[in-house]
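Chemist:
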Amino acid sequence: MVAIKRVAVIGAGPGGAIAVDALAKEKAFDLIRVFERREAAGGCWLGDTTPPPLLTDLEALANRTADPPVDIPDRLPAQTPKLTQPRFADSSVYPYLETNVDAIPMSFSQEPIPSDRSPHSVALHGEDTPFRHWTVIRRYLQSLLERDGYEDLVSYSTTVERVEKVGHEWKLTLRRDGERSDYWWTEWFDAVVVASGHYSVPYVPAIPGLDTFEKLRPGSVLHSKNFRGRDHYRGKRVVVVGASVSAADIAYDLASVAQTPVHAVVDGHRANLYFGDEAFNHPRIARRSDIARVDGRTVHFADGREPARDVDAIIFGTGYTWTLPFLPGVEVRNNRVPGLYQHVVYQQEPTLLFVGAVAAGLTFKIFEWQAVLAARLLAGRATLPPLADQQKWEADRIAAFGDGPRFALVHPHFEDYFNELRRLAGPGENGLGRQLPVFDRAWFKSFLDGHERRKNMWQRLNAKAWDEAGVDELNLGTVPGAGRKTIEAPPAYDWDTIRKLPLLLQALQGLNTKAF
213 MVAIKRVAVI GAGPGGAIAV DALAKEKAFD LIRVFERREA AGGCWLGDTT PPPLLTDLEA
273 LANRTADPPV DIPDRLPAQT PKLTQPRFAD SSVYPYLETN VDAIPMSFSQ EPIPSDRSPH
333 SVALHGEDTP FRHWTVIRRY LQSLLERDGY EDLVSYSTTV ERVEKVGHEW KLTLRRDGER
393 SDYWWTEWFD AVVVASGHYS VPYVPAIPGL DTFEKLRPGS VLHSKNFRGR DHYRGKRVVV
453 VGASVSAADI AYDLASVAQT PVHAVVDGHR ANLYFGDEAF NHPRIARRSD IARVDGRTVH
513 FADGREPARD VDAIIFGTGY TWTLPFLPGV EVRNNRVPGL YQHVVYQQEP TLLFVGAVAA
573 GLTFKIFEWQ AVLAARLLAG RATLPPLADQ QKWEADRIAA FGDGPRFALV HPHFEDYFNE
633 LRRLAGPGEN GLGRQLPVFD RAWFKSFLDG HERRKNMWQR LNAKAWDEAG VDELNLGTVP
693 GAGRKTIEAP PAYDWDTIRK LPLLLQALQG LNTKAF
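FYI, in our numbering the residues of the sequence shown are 213 to 728.
#1: Could you give the distance in angstroms between the alpha-carbon of L564 and the alpha-carbon of K383?
#2: Taking the alpha carbon of A675 as the point to measure from, which residue in P495, V474, P624, E251 has its own alpha carbon closest?
#3: Mapping the DSSP letters down to three states, classify P226 as helix, strand or coil.
#4: For V334, collect the residues of the same chain with a Cβ closer than 7 Å to its Cβ; drop the 5 residues on either side in sequence, then sort them by chain order.
#5: In the DSSP assignment, the beta strand (DSSP E) including V729 goes from what residue to what residue?
#6: Leaving out five residues on either side along the sequence, give the residues of the same chain with a beta carbon under 6 Å from the beta carbon of Y395.
#7: Just confirm the distance between the C-beta atoms of R344 and E310, as a whole number of angstroms; I'd bet it's less than 8 Å.
#8: Let's see if you can read the secondary structure: which residues bound the beta strand (DSSP E) around A675?
#9: So the alpha helix (DSSP H) D389 belongs to, where does it begin and stop?
#10: For the alpha helix (DSSP H) that T424 lies in, which residues bound it at each end?
#11: What residues in its chain sit with their C-beta under 7 Å from that of F492, if we drop five residues either side in the sequence?
#12: Is the separation between the beta-carbon of A677 and that of A467 shorter than 9 Å?
#13: DSSP three-state call for H512: helix, strand or coil?
#14: My output table needs one value for L552: the three-state DSSP class, helix, strand or coil.
#15: Let's see if you can read the secondary structure: which residues bound the alpha helix (DSSP H) around D507?
#16: Would you check if the distance between the CB atom of I527 and the CB atom of V413 is smaller than 9 Å?
#17: Beta-carbon separation of A654 and I230 under 9 Å?
#18: In the DSSP output, what is P414 paired with across the bridge?
#19: Could I get the ranges of all uninterrupted beta strand (DSSP E) runs contained in the stretch 270-358, with 3 residues as the minimum, in chain order?
#20: Can you grab the Cα-Cα spacing for the pair R696 / L621, in whole Å?
#21: In the structure shown, what three-state DSSP assignment does E490 receive?
#22: Using 8 Å for Cβ pairs, my map puts L288 next to T385. What's the rounded Cβ distance?
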């Protein structure tokens, strides 16, 4: 490999923030540049002050083609009218959003998340609540880039529009947002670290009549990414689609303000692996099957039972489409990037590396381990196995987990993955580089305990809601799916047996790649 002296990092969210520190501490590079398309650091934890954009092309969102590469000026540098093509840079933050992961396993190994606790979280989970308001995480991430002069390495409001390999170098085409126009230029690097995340482009399934429903009432179809709080739906008739954590949070949240019931399209969809489906067991939430079609403001369900009428809004918590419009030479298939060794190194071009190319679970710490491996490799202080071994790793993983979203799911094998990245990265040389501790099993235990705490909260509050429910709520009659559910007790996790995880492994084998 040619000596690496110039490194570009794409994104100043959690992955980019820790990548900068890992690279800088190697003290091996002449130039480290970070390009962030938002006005500040924080990634998906950076809130928005403007209303969310409308979902104007539902067909493209359903086909997963909504974020194509943009047209680049023939000659650079250049100044052009402001780009109007949607780039999905807005965040998914709403005013009272809290983390759903314990702060200890969520934090980086050397930088604890502050212990600030919001009154809302304390009321729900007690004085020792392990969860944090989104502003705490935003400040935490921004503080990582405010130390040691790292802020000077970042160009904000700058989008990487194209990354191309030219000889031994990487050519980056960049666009900076201006008030009235965009400025375009190019810069050259020896290596690129992609830390831009994959929670930008919403996925909304194709449903007959949905486009007409949105056009008649602009803003009536939205994704959980665009949810900005319950007050917008006070007294409204709402359908929430999806069985994962965002849909669960929103459906539960709206149960207190929307018209009864909130229709939750969850039947037939696998519940979230970590959080289960307890949130939907509320007297003001009706479990429904898939949407068959939308006629006017009437939502018909696949099981043929009573439709939802006079619907005001349909909210989709149905996941995201991973896109890399700036890397036209790199394929995204089945919501993963083929050709990555250990989810980090692009096998065809090992000077192209990824931080964050994994599914949810201990993500900040995974980003840290990935960033240190990437930095060591680029500094020439770690080596990769032969290409054939890298390809075998990927082939074996496809055989075990499939060529889809499960490929990028590290759970429940966290310890094995962390230890392998630490082994590959090595200890560094002469005290240089960010040091990785041995995997601490307490992180995983706290991770699971935090999920149990949220499920117990839902159980407790749902039981109270049922006890306080009026006659009208207990006899919803014409609304199928509205009624108290008998659920299994949440599993108790014993660390002595956690590595075997037979039940969870069975669940993984049947994990629905529909991402609902």
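We put the CB at the ideal spot given by N, CA and C, even for glycine.
Modeler: According to the structure shown:
#1: As a first step, residue 564 is located in the sequence shown; it is residue number 352 there, counting from the start. As a first step, residue 383 is located in the sequence shown; it is residue number 171 there, counting from the start. When rounded, the distance between both Cα atoms is 12 Å.
#2: Here residue 675 corresponds to residue number 463 of the sequence shown, with the count starting at 1. The shortest Cα separation from A675 among P495, V474, P624, E251 belongs to P495.
#3: Translated into the one-based positions of the sequence shown, residue 226 becomes position 14. Helix, per DSSP.
#4: Numbered from its first residue, the sequence shown carries residue 334 at position 122. These residues qualify, in order along the chain: T341.
#5: Because residue 729 is not part of the residues shown, which for the chain are 213 to 728, the question remains open.
#6: Within the sequence shown, numbered from 1, the residue matching residue 395 stands at position 183. So the qualifying residues of the chain are Q291, R388.
#7: For the purposes of this step, residue 344 is taken as residue 132 along the sequence shown, with counting starting at 1. For the purposes of this step, residue 310 is taken as residue 98 along the sequence shown, with counting starting at 1. Confirmed, about 7 Å.
#8: Looking up residue 675 in the sequence shown gives position 463. Counting along the chain, A675 falls outside any beta strand (DSSP E), though it belongs to the alpha helix (DSSP H) covering 653-680.
#9: Looking up residue 389 in the sequence shown gives position 177. Here D389 belongs to no alpha helix (DSSP H); instead the beta strand (DSSP E) covers 381-389.
#10: Against the sequence shown, residue 424 aligns to sequence position 212. Counting along the chain, the alpha helix (DSSP H) containing T424 begins and ends at 422-428.
#11: For the purposes of this step, residue 492 is taken as the residue at position 280 of the sequence shown. Contacts found: A460, A463, A476, V478, R499.
#12: Here residue 677 corresponds to residue number 465 of the sequence shown, with the count starting at 1. Here residue 467 corresponds to residue number 255 of the sequence shown, with the count starting at 1. For the 9 Å CB-CB criterion, A677 and A467 form a contact.
#13: Reading the sequence shown from its first residue, position 300 is the one you call residue 512. In this structure, H512 counts as strand in the three-state DSSP scheme.
#14: Taking the sequence shown and counting its residues from 1, one reaches residue 552 at position 340. Three-state DSSP puts L552 in a strand.
#15: Stepping through the sequence shown from its first residue, residue 507 is reached at position 295. First-last for D507: 503-507, but that is the beta strand (DSSP E), not the alpha helix (DSSP H).
#16: Reading the sequence shown from its first residue, position 315 is the one you call residue 527. Reading the sequence shown from its first residue, position 201 is the one you call residue 413. No.
#17: Counting from one through the sequence shown, the residue named residue 654 turns up at place 442. Counting from one through the sequence shown, the residue named residue 230 turns up at place 18. Taking 9 Å as the Cβ cut-off, A654 and I230 do not qualify as a contacting pair.
#18: Your numbering for residue 414 matches position 202 in the sequence shown. P414 pairs with Y532.
#19: 290-293
#20: The sequence position of residue 696 within the sequence shown is 484, counting from 1. The sequence position of residue 621 within the sequence shown is 409, counting from 1. Note that R696 scores a pLDDT of 48, beneath 50, so its modelled location is shaky; the value from the coordinates is reported in the next line. Roughly 33 Å between the two C-alpha positions.
#21: The sequence position of residue 490 within the sequence shown is 278, counting from 1. Residue state, collapsed to three classes: helix.
#22: Mapped onto the sequence shown, residue 288 falls at position 76. Mapped onto the sequence shown, residue 385 falls at position 173. Right, the Cβ-Cβ distance comes to about 7 Å (below 8 Å), so this counts as a contact.
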